[in-house]
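Okay, structure first, notes after.
Residue numbers (this note's numbering): 45 to 261.
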C-alpha cells in the first residue's frame, strides 16, 4: 500500500511537531527542596549591607544591586563552587526551605535545577522581605532591597535559556527589619522528550518523506 503524498506530508509534520515541541513547566516553587544555611547570623559588617538592623529602617536598593562582598562570611563555605555546599552551617541534604527566618540575620539556599535536554524562556519570580541576592552556577545575576512585606512576583529575572544538564541557583536572603518573608517560582519551557507513540509516528512520517522523494525523483 502506498501513502498519498498529501497524507505523508501531514504525518511527517505531525511527527516532527510532537517530538520537537517545548513544554512549559514549573521548575522551582515553594515546595522545592534545597540545601539550606540558617547559621549565617548578621552578615552586615562583612558584606556591607546598609542599615542592616531594626533601628536602621528599611533601605531601598533598586535592581540590580552590586554583588555583596561575602569573602569574610566563612559560614557560606563552598556554596558558589560546589554542587553540594560544604563547610559552615549547611544542611547535610536538601530540605524544605522555610518562607521566614530569624529577623536581622541572613540565610542562604542552593537549588539544583535538572534542565533535562535544555530549558528556554526561563523566568524567575521572587518575593522577599527585605533583601535578596541571586547567583546561577556561581555567577551573580541579581540583587535588591526594599521595605515592606514579601509579595510574589516582586522581582523578576528572565533568562533566554539553560543548556541541558544540572544547574545550581544560589540565593542569599537578607533581613534588616522586624519581619521576614520569601517566595519563589521558576518556570521554563522544557524540550519535549519523544514518547514511543511519537517515535513510531515519526518513523511513519520519515518513511512518507522518503516515498515522496522517490516519487519526485
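Cβ coordinates follow ideal geometry from the N, Cα and C atoms, glycine included.
**Request:** Put residue 81 into one of helix, strand or coil per three-state DSSP.
**Result:** strand
**Message:** Quick check on the DSSP output: what are the complete beta strand (DSSP E) runs of length 3 or more inside the stretch 128 to 195, in order along the chain?
**Reply:** 151 to 158, 162 to 173, 175 to 180, 183 to 189
**Request:** Using DSSP bridges, identify the partner residues of residue 231.
**Result:** Per DSSP, 70, 167.
**Request:** Rank 212, 82, 142 by C-alpha distance to the C-alpha of residue 180 and give the top, closest one.
**Result:** With distances taken between CA atoms, residue 180 lies nearest to 212 out of 212, 82, 142.
**Message:** Please tell me whether residue 132 and residue 120 are closer than 7 angstroms, where the distance is taken between their beta carbons.
**Reply:** yes
**Item:** C-beta atoms of residue 227 and residue 192 nearer than 7 angstroms
**Value:** no
**Asked** Within 10 angstroms of its Cβ, does residue 188 collect 16 or more other Cβ (buried), or is it exposed?
**Response** buried
**Prompt:** Thinking C-alpha only, which one of 176, 150, 194, 166 is nearest residue 235?
**Reply:** Nearest of 176, 150, 194, 166 to residue 235, Cα basis: 166.
**Item:** Short Cβ contact (7 angstroms threshold) for residue 78 with residue 154
**Value:** yes
**Message:** Tell me the DSSP secondary structure of residue 210 in three-state form.
**Reply:** strand
**Message:** So, with DSSP's three-state summary, where would you put residue 204?
**Reply:** strand
**Request:** For residue 152, count neighbouring Cβ atoms within 10 angstroms of its own Cβ and tell me buried if that reaches 16, exposed if not.
**Result:** buried
**Prompt:** Exposed or buried, what is residue 73 when buried is set at 16 or more other beta-carbons lying within 10 Å of its beta-carbon?
**Reply:** Classification of residue 73: exposed, given that the 10 Å Cβ count is below 16.
**Item:** Exposed unless 16 or more other CB atoms sit within 10 angstroms - verdict on residue 202
**Value:** exposed
**Message:** Here's the rule: buried if 16 or more other CB atoms are within 10 angstroms of the residue's CB, otherwise exposed. What is residue 67?
**Reply:** exposed
**Request:** Find out if the Cβ-Cβ distance for the pair residue 104, residue 173 is shorter than 7 angstroms.
**Result:** no
**Message:** Tell me the DSSP secondary structure of residue 87 in three-state form.
**Reply:** coil
**Asked** How many Å lie between residue 158 and residue 190 at the Cα?
**Response** 31 angstroms
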